[in-house]
Structures are given as structure tokens and as C-alpha cells.
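**Q** The opening residue of the sequence shown carries number 693 in my numbering; numbering runs sequentially from there. Don't be surprised by glycine CBs; every beta carbon is placed ideally from N, CA and C. For reference, the structure I am asking about is given below.
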Amino acid sequence: MSELVKAMADMREEDALRLTREMVESGADPTAILGAAREAMDIVGQRYEAGEYFLPELVMAGEMLNQITALVKPELAKLPQVERKGKVLIGTV
693 MSELVKAMAD
703 MREEDALRLT
713 REMVESGADP
723 TAILGAAREA
733 MDIVGQRYEA
743 GEYFLPELVM
753 AGEMLNQITA
763 LVKPELAKLP
773 QVERKGKVLI
783 GTV
């Protein structure tokens, strides 16, 4: 998973997608793959705040995340569904 995080954070799109495909094919937990992608997005955000990345990198990271999500989505559908008990609404005034 750390290779995926590094590939995404370093804007290596082809490597990130290849690693994702390999993980999906090997039966890796799809939620763990998405967790790694989220971690990479956090790093991209930190680099943007530090002035290392700019808007084009943010857009590219978003596109990578969309592609990774599309690859993982069929595997998520295979996971057992959790029974929903209702909705919770939280707000402040």
C-alpha cells in the first residue's frame, strides 16, 4: 500500500494505476486500497499548502483518485452489506 501512496503523492499516474490493478487482481481489501488513496490525497494537500504543488497537481490527483475508485468499485460491491438502522442528523446553531 505504501507504494501506491508514494506513487500518487509523487504524481506518477501510470504507476499508481498499475499498482491498483495489481492489488485488485491479487484480492487486496478494496477499503484498504481506498484508504491508501486517501492518505496520498492528504499528502498532496500538504504539499499544496506548503507551496510545492499547485492547482494542476491537485486536478491530476483528483483524476487519479477517480480512476482508482472506478477500478475498486466493482470489488466494493462484492463486500457484504451492513444493515442500516436509520439516519443521523447532526447540526449546530
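Using beta-carbon positions only, say whether Ala-729 and Leu-757 come within less than 8 angstroms of one another.
**A** Translated into positions along the sequence shown, residue 729 becomes position 37. Translated into positions along the sequence shown, residue 757 becomes position 65. In this structure, Leu-757 lies closer than 8 angstroms to Ala-729 by Cβ.
**Q** If you follow the alpha helix (DSSP H) that Lys-698 is part of, which residue opens it and which one closes it?
**A** Position 6 of the sequence shown holds residue 698. Its alpha helix (DSSP H) spans residues 694 to 701.
**Q** Report the option in Ile-735, Ala-724, Thr-723 whose CA atom is closest to the CA atom of Ala-699.
**A** As a first step, residue 699 must be located in the sequence shown, where it is residue number 7. Nearest C-alpha to Ala-699: Ile-735.
**Q** Is the separation between the beta-carbon of Glu-749 and that of Met-703 shorter than 8 angstroms?
**A** To locate residue 749, count along the sequence shown from 1; it is residue 57. To locate residue 703, count along the sequence shown from 1; it is residue 11. Their beta carbons are under 8 angstroms apart, which means Glu-749 touches Met-703 by this criterion.
**Q** Going by the beta-carbon positions, is the gap between Ala-732 and Val-764 smaller than 8 angstroms?
**A** Within the sequence shown, residue 732 is the residue found at index 40, counting from 1. Within the sequence shown, residue 764 is the residue found at index 72, counting from 1. Not in contact: Ala-732 and Val-764 (Cβ atoms no closer than 8 angstroms).
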